[in-house]
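Here the structure comes first, spelled out in structure tokens, and everything after it is commentary.
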Amino acid sequence: MGASLLRLFFHDCFVVGCDAGVLLDDNLPSIDSEKNARSNRNSLRGFDLVDKIKGALDKACSGPVVSCADILAIAARDSVVELGGPSWLVPLGRRDARTVDRAAAEFLPSPFSDLQVLIKNFSDKGFTAREMVALSGAHTIGMSRCLLFRNHLYNGTNLDVLVASDRKSKCPSNGGDDNLSSLDYQSPNRFGNNYFQSLIKRRGLFHSDQELFNGGSTDDIVMTYSKDIQTFYTDFQNAMVKMGNFNPLTGFKGEIRKNCRKVN
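For the sequence shown, the tail end lands on 1011 under the numbering used here, and the numbers increase by one without skipping.
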């Protein structure tokens, strides 16, 4: 579940800020859940595990004193650590949103995007191209559905032939939309810099992955990370702290939810 928890954190923060909005269900007329957005529907996982973490914390603390937003931030960090990656200090004190922004959730970075679109997506949130590449390194873990990489697999021009053939056995040109393949062909269950090494070998699963190393402005960054895992770790740590500090609710804004799926 490590990759799923890391993705939950990103899909929460990248919409309007780290406010646990992505966890809210359609339980009020005023809430059109971000879970219904195209990039989230039938895709995001980990909600039950977040509920368990929340329950254990509230029991230990004799009440809801830790926000769901802070839980997502800590769980993302701990997931990376458990899978062999680096650790970092997580600033705390976020509060939970009472509203969602389904419309904004429709514009999360897409696996079909070209490099310049990706750079703009992240720039609009205050991230540099280097930070974008570092954060993309999260794809060193996890899986994806055939639906999201089929077009790149069958119509892309920058793929390793043998790896593409292997992936096609799991993702036919028609059907099998929910069949899974690992984002990192080498070691999908360990956090490291293999993702960048795979990009150099033209093994990126998404079009957006391989765009990071395809003759563009980010090639040198990918090359650096592929050779120097410590530089990648340092940049990833810093970018994750920056992500976690994106537009949080603090002070008297928001609330600390008793149930992460609904407002108090």
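Glycine is no exception: its CB is placed at the ideal position from the N, C-alpha and C atoms.
- [ ] Keeping to the same chain, check which residues put their C-beta closer than 7 angstroms to that of A851; ignore five residues upstream and five downstream.
- [x] V762, V763
Taking the straight line between their C-alpha atoms, what separation do you get for A822 and G810? 19 angstroms
query = Quick one: does the C-beta of F943 sit closer than 8 angstroms to a heavy atom of the ligand GDP?
reply = Looking for the ligand GDP in the displayed structure turns up nothing, as the structure carries no ligands at all.
Would A881 pass as a contact of F960 if the rule is Cβ separation under 9 angstroms?
no
Beta carbon of Y942 nearer than 9 angstroms to that of G884: yes
Exercise for review: Note down, in chain order, each residue of its chain lying with its Cβ closer than 7 angstroms to the Cβ of E829, except the 5 sequence neighbours on either side.
Suggested key: G749
Closest by C-alpha distance to L996, when choosing among N789, D817, D772:
D817
Exercise. Work out the CA separation of C893 and K915 for me, nearest whole Å.
Key: 9 angstroms
### For D956, three-class secondary structure by DSSP
helix
Ignore the nearest five residues each way along the sequence and tell me which others in A840's own chain have a CB closer than 6 angstroms to its CB.
For the record, residue 840 in the displayed sequence is Gly; it is not Ala. So the list reads T997, once near-sequence residues are dropped.
**Cβ-Cβ distance between N994 and D843 below 9 angstroms** = no
Based on Cα-Cα distance, which residue from K948, L804, M879, V847 lies nearest to F979? M879
- prompt: Given that a residue counts as buried once 16 or more other Cβ atoms are within 10 Å of its Cβ, and exposed if not, what is T887?
  reply: buried
Spell out a yes or no on whether the segment 942–953 and the segment 897–912 are touching, meaning 3 or more CB-CB pairs, one atom from each, closer than 8 angstroms.
-> yes
| query | Going by other Cβ atoms of all chains shown within 10 Å of its Cβ, with 16 needed for buried, is N985 buried or exposed? | reply | exposed
What residue does the alpha helix (DSSP H) around M748 start on, and which one ends it?
-> Careful: M748 lies outside any alpha helix (DSSP H) and carries neither H nor E.
**Prompt:** Nearest CA to the CA of K989: which residue from R1004, G873, N1011?
**Reply:** G873
* Range of the contiguous beta strand (DSSP E) that encloses L927 -> 927–929
Supposed close pair F953, L895 - CB separation, criterion 8 angstroms: 7 angstroms
Review point. Taking C-alpha atoms, which residue in L753, Q944, R845, P935 lies nearest to F999?
Key: R845
Q) How would you label C808, buried or exposed, when you count the other beta carbons within 10 angstroms and need 16 or more for buried? A) exposed
* Chain-order list of residues whose beta-carbon lies under 6 angstroms from that of V827 (same chain, five-residue window excluded) -> F938
Are the CB atoms of V847 and L771 within a distance shorter than 9 angstroms? yes
How should A820 be labelled, buried or exposed, when 16 other C-beta atoms within 10 angstroms of its C-beta is the threshold for buried? buried
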